[in-house]
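In the numbering used here, the protein residues as written are 7 to 170. Each residue gets a CB set at the ideal place from its N, CA and C atoms; glycine is no exception. Just so we're clear, the structure is a prediction, and the values are computed from it rather than from any experiment. Down below is the structure, laid out as structure tokens.
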């Protein structure tokens with residue numbers, strides 16, 4: 007990981023996503039050897055990859071929390087549906103049958119009310135899960151890094167390259 011002065015806390019104050027210092031005040035550009043420059047570049051690429059992994063992790067944690075909230079509604083829907091198939095709700099149907107002419111109508115009404123409750127809970131769970139978003143900052147950062155690391159090709163008419 008990078009040094010403590012290069013750490014930043016996220017908006018929730020948890021975890022730090024390291025960032026790369028763009029330049030060092032102590033280094034003079036003309037005083038560095040090729041080996042030192044390659045070593046620095048390797049270290050910066052390594053730090054950049056770790057920072058992108060940390061960014062992806064921090065974004066996905068938030069999305070997983072949203073998914074768990076949506077999953078709770080699906081569990082509620084499943085529970086209500088399962089209870090509606092048990093004899094536990096017979097008492098409601100029997101109570102309703104006291105006012106209706108036929109018992110089977112009372113049982114049908116109770117069954118359809120339970121299906122309605124399960125449908126509403128399932129719809130609420132679907133709406134919560136539908137709010138999932140892709141980790142857009144991570145995707146943009148990875149694309150930017152890939153574009154920066156891709157070797158630049160010289161134009162065909164460029165005379166600065168020599169061919170043997």
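Next on the checklist: At a threshold of 7 Å, does residue 47 count as lining the ligand GTP (C-beta to nearest heavy atom)?
Outcome noted: What this structure holds is no ligand at all, so the ligand GTP is not there to describe.
Checklist entry - Along the chain, where does the alpha helix (DSSP H) that runs through residue 96 open and close? => result Residue 96 -> alpha helix (DSSP H) spans 96-103.
Next on the checklist: Just to confirm before moving on: does the CB-CB distance between residue 72 and residue 134 stay below 8 Å?
Outcome noted: Between residue 72 and residue 134, the CB-CB gap stays under 8 Å.
Checklist entry - Rounded C-beta distance between residue 106 and residue 112? I'm assuming under 8 Å. => result Sure, about 5 Å apart at Cβ, within 8 Å.
Checklist entry - Using DSSP with H/G/I as helix, E/B as strand and the rest coil, what is residue 106? => result DSSP places residue 106 in the coil class of the three-state scheme, outside both helix and strand.
Checklist entry - Does the Cβ of residue 64 have 16 or more other Cβ atoms within 10 Å, making it buried, or fewer, making it exposed? => result Here residue 64 is buried. Its C-beta has 16 or more other C-beta atoms within 10 Å.
Item to check | residue 149: first and last residue of the uninterrupted alpha helix (DSSP H) it sits in | outcome: For residue 149, the enclosing alpha helix (DSSP H) covers residues 142-155.
Item to check | Buried/exposed call for residue 61, threshold 16 Cβ in 10 Å | outcome: Buried, because 16 or more other Cβ atoms sit within 10 Å of the Cβ of residue 61.
Next on the checklist: When you compare the region 113-133 with the region 79-99, are there three or more beta-carbon pairs, one atom per stretch, that lie closer than 8 Å?
Outcome noted: Yes, they touch.
Next on the checklist: For a test of the three-state rule: what should DSSP assign to residue 158, helix, strand or coil?
Outcome noted: Correct three-state label for residue 158: coil.
Next on the checklist: I believe residue 54 touches residue 151 by the beta-carbon criterion, under 8 Å. Please report the beta-carbon distance rounded to the nearest angstrom.
Outcome noted: Contact holds; Cβ gap of about 6 Å.
Checklist entry - Helix, strand or coil: how does DSSP classify residue 134 here? => result It is helical.
Checklist entry - Between residue 108 and residue 78, what straight-line distance do the alpha-carbon atoms span, to the nearest angstrom? => result For residue 108 and residue 78, the distance between alpha carbons rounds to 37 Å.
Checklist entry - Straight-line CA distance for residue 126 to residue 116? => result So the two alpha carbons sit approximately 16 Å from each other.
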